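First comes the structure, then the notes that go with it.
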Amino acid sequence: MKYTDADIDKLRRDVAAYLTEKRYRHTLAVEGETAYMAALYMPERENELRAAALLHDIAKKLSYENQLNYIREFDIMIGEKDPVGDVAHAPAGAAMIKAHFPAFDDPDIISAVRYHSTGRAYMTVFEAIIFLADYIEPTRSHESCRALREKFHREADAASTMDERLGALCRAVVDAMRSTVYYVRSSGMELDPETLTALSYFEAGGVLRDSV
Ligand SMILES: [Fe+2]
Ligand SMILES: [Fe+2]
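Read in the working numbering, the sequence shown has 1284 at position 116, and its numbers run on one by one without any break.
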């Protein structure tokens, strides 16, 4: 593995400075959910996945302006328009890894943090794990998150082949995206087009890719 357990222990302490107490609890819960999925899907990359989970929300405390500054300075890929307010912390977090945690500037970690909020078409399994763990981690008490967590665990644990297991992950990612679209629309907020593009990709039969 690229990172030792000691590297991850240190990272777990270091990210606390970037997060509110509540967000830190959420971050640790995402790490726990990610570790469960790492065991099912890519045990050899567990520590890279843990690192992505620990880093995924590090830009959340910044103002929108500062998030955009990071995105521009580090040339993180965004669409033609600036990302909508709620999701800008994802590309900004990818930029902050390059600025403040260069040891974790790994293509899988960067893309998983970059797309953790919106998802994207052609998502990788690594990205899907972080995206889903963020949505279903056990401190999320909303009914749709709880129901999806139970359904996903049931299906993933029952799967006897990797193909079946990947099917469970893909279905859960699509369910999470559909819930996000419904929630954002019904609360009158602006939906980032990346999520709709991702949803169309999977609804047209798109699958999770192996690598970035
Ligand atoms: Fe986030
Ligand atoms: Fe999060």
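Every residue gets a Cβ at the ideal spot worked out from N, C-alpha and C, and that includes glycine. Everything numeric in this text was worked out from a predicted model, so none of it was measured.
Beta-carbon proximity list for residue i, same chain, < 6 Å, skipping 5 on both sides
{"i": "Tyr-1283", "result": "Glu-1295"}
{"i": "Ala-1263", "result": "Tyr-1238, Ile-1239, Phe-1242 and Ile-1244"}
{"i": "Ala-1260", "result": "Ala-1227, Gln-1235, Tyr-1238 and Ile-1239"}
{"i": "Met-1169", "result": "Asn-1215"}
{"i": "Ala-1280", "result": "Ala-1220, Phe-1294, Glu-1295 and Ile-1298"}
Where residue i falls, given that 16 or more other Cβ within 10 Å makes a residue buried
{"i": "Ser-1285", "result": "buried"}
{"i": "Ser-1328", "result": "exposed"}
{"i": "Arg-1317", "result": "buried"}
{"i": "Asp-1325", "result": "exposed"}
{"i": "Val-1375", "result": "exposed"}
{"i": "Asp-1302", "result": "buried"}
{"i": "Met-1345", "result": "buried"}
{"i": "Glu-1233", "result": "exposed"}
{"i": "Thr-1188", "result": "exposed"}
{"i": "Gly-1253", "result": "exposed"}
Where residue i falls: helix, strand or coil (DSSP)
{"i": "Thr-1307", "result": "coil"}
{"i": "Thr-1172", "result": "coil"}
{"i": "Arg-1288", "result": "coil"}
Own chain residues within Cβ distance below 7 Å of residue i, not counting five before or after
{"i": "Ser-1379", "result": "Thr-1292"}
{"i": "Pro-1251", "result": "Pro-1259 and Asp-1360"}
{"i": "Ala-1203", "result": "Glu-1214 and Arg-1218"}
{"i": "Ala-1197", "result": "Glu-1305, Pro-1306 and Thr-1307"}
{"i": "Tyr-1192", "result": "Ala-1184"}
Residue i beta carbon near ligand 4 (any heavy atom closer than 6 Å)
{"i": "Ser-1347", "result": "The ligand content of the structure shown is limited to ligand 1 and ligand 2, which means ligand 4 is not among them."}
Give, in chain order, every unbroken run of the alpha helix (DSSP H) that is at least 4 residues long and sits entirely within the stretch 1321-1365.
Complete alpha helix (DSSP H) runs here, min 4: 1330-1354.
Run the Cβ filter for me: residues under 5 Å from any heavy atom of ligand 2, listed in the order they occur in the chain.
By the rule of a C-beta closer than 5 Å to any heavy atom of ligand 2, the residues picked out are Asp-1225 and Asp-1302.
Can you give, in chain order, each stretch of the alpha helix (DSSP H) that sits fully within the stretch 1198-1285 and has at least 4 residues?
Inside the stretch 1198-1285, DSSP marks whole alpha helix (DSSP H) runs of 4 or more residues at positions 1214-1223, 1232-1241, 1257-1268 and 1275-1282, from first to last along the chain.
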